[in-house]
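Counting in my numbering, the sequence shown runs from 1376 upward without gaps.
We put the beta carbon where it would ideally sit given N, CA and C, even for glycine.
All values derive from a computational prediction rather than experimental measurement.
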Amino acid sequence: MDAPVRFAKVRVMTARLSHPVRSDARYNREHILEAAREVFATDGLGAPMREVARRAGVGPATLYRHFPTKEALATEAFAEQMQACEVIVREGLADPDPWRGFCTVIERICALHARDRGFTAAFTSNFPRALDFAGSRERSLKAVAKLARKAKRTGRLREDFVVDDLVLVLMANGGIRATTPEGRAAASRRFAAIVIRGFAAH
């Protein structure tokens, strides 16, 4: 058999073997992320990695091969929520009425965090080794600070509001407990309304 023909057959066989491996790895990664979102949503970031592996139906070695640390796993699992936060704040900034935009941001961010305890824990911590997550968090908080300055100029927002107040609100909102997701969402809406009244200038 000619060498070019032999090498061609080797390449075909290698491609056939590697494709299922790549598919299995992608399948495992997606299941791990889905399981992580479920586990962190109910148990928070304190949930052990082995519980994520168990829920995903993979071994610990497979989990750590894809995500060496819990920070790496949480960062990717919550990527969509972080993007949603940035969108919420950008839309609040775009509102021609800064106070209305500010109130909308409070309501929508509280609702987003109420759905996932793990995301709240990740957002309110510094996640020092998760640079992408920390960068997105800082962008969101800086945008809130800009929106707050605009809302203060309208005379509707308290002059003593600082961005750390929002972090405190999210931590408190993350402490809401309810027997159903619907009940937690309703309690979060009520809490957001109380917070907004507290932030309003008198």
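Of the residues the options, the one placed nearest residue i, counting alpha carbons only
{"i": "PHE1574", "options": "LEU1541, ILE1407, LEU1438 and HIS1488", "result": "LEU1541"}
{"i": "ARG1572", "options": "GLY1549, ARG1492, ILE1407 and LEU1532", "result": "LEU1532"}
{"i": "GLY1419", "options": "GLY1510, ASP1491 and VAL1519", "result": "ASP1491"}
{"i": "GLU1461", "options": "ARG1514, ILE1551, VAL1570 and ARG1552", "result": "ARG1514"}
{"i": "SER1563", "options": "TYR1439, LEU1487, ALA1526 and ALA1459", "result": "LEU1487"}
Beta-carbon gap between residue i and residue j smaller than 9 Å
{"i": "ALA1523", "j": "VAL1538", "result": "yes"}
{"i": "PHE1508", "j": "THR1444", "result": "no"}
{"i": "ALA1452", "j": "ARG1412", "result": "yes"}
{"i": "THR1529", "j": "PRO1473", "result": "yes"}
{"i": "GLU1482", "j": "ALA1576", "result": "no"}
{"i": "ALA1489", "j": "GLY1421", "result": "no"}
{"i": "ALA1400", "j": "VAL1427", "result": "no"}
{"i": "ALA1416", "j": "PHE1477", "result": "no"}
{"i": "MET1457", "j": "SER1511", "result": "yes"}
{"i": "VAL1464", "j": "ALA1431", "result": "no"}
Per DSSP, the bridge partner or partners of residue i
{"i": "LEU1532", "result": "ALA1575"}
Simplified DSSP assignment, three categories, for residue i
{"i": "GLY1362", "result": "Residue coverage of the chain in this structure runs from 1376 to 1577, which leaves residue 1362 outside it and unanswerable."}
{"i": "ARG1565", "result": "helix"}
{"i": "SER1500", "result": "coil"}
{"i": "ALA1431", "result": "helix"}
{"i": "THR1444", "result": "coil"}
{"i": "THR1555", "result": "coil"}
{"i": "ASP1470", "result": "coil"}
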